[in-house]
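The structure under discussion appears below in the form of structure tokens.
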Amino acid sequence: MKKLTRASLEQLMLQADKEIVFLCVGSDLAIVDSVGPLTGTLLEENNLPYRVYGTLKAPVHALNLETTLKEIHQGLGEHLLIVLDACIGQEEEIGQVFLKTGPLYPGKAIGNPLPPVGDFHLIAVVNCHNRDTYEHYLTDTRLFTIYDMAKRTSELILTAARSIQEKQFKTD
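For this note's numbering, add 540 to where a residue sits in the sequence shown, where the first one is 1.
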């Protein structure tokens, strides 16, 4: 697991020999789970040149994840799926975003495991797991933390995408 940087994301995206798709998982019904759809919205509003699933308007969450995955797999053919979701980590990791190889296992932290998803995933640490109950996450996660993470993550993704476009333009 490594901390997300523009360089690491750009390197990953440059190596892709197929369409890149971002899947931003989460729900806007709970602040703690909204980093995905908020990031997806910021990516869409700033015209990311890749497909984005999961926004505040059309969130992808536990109830529609499998349907969305079918839509992506059937409609796009070969693609590189990069998934973003909130996660619970160590206290010193709150506010950080990490890039990991392999699929994400959504719902694992709350005991609602869903199918593994993605080729790579970004995990945004929104709170720490030093408490006894899940309910504390619902009332103990600051909106500012979520907004700041979504803004920084979307800026890294957008900057990497624009850098790739510039490099491709120079070689054409």
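Don't be surprised by glycine CBs; every beta carbon is placed ideally from N, CA and C.
State buried or exposed for Thr-607, treating a residue as buried only when at least 16 other CB atoms are found within 10 Å of its CB.
exposed
Classify Thr-641: buried if its beta carbon has 16 or more other beta carbons within 10 angstroms, exposed otherwise.
exposed
What residue does the beta strand (DSSP E) around Lys-640 start on, and which one ends it?
637-641
Tell me, which residues are paired with Asp-625 by DSSP?
Ile-663
Run through DSSP, which three-state label would Ile-560 get?
strand
Have a look at Leu-616 and Glu-550 and give me their C-alpha separation to the nearest angstrom.
22 Å
Mind checking which residues open and close the alpha helix (DSSP H) that includes Val-575?
575-585
So what does Arg-591 bridge to, in DSSP terms?
Val-561
Spatial distance of Lys-648 from Lys-710 (CA atoms):
43 Å
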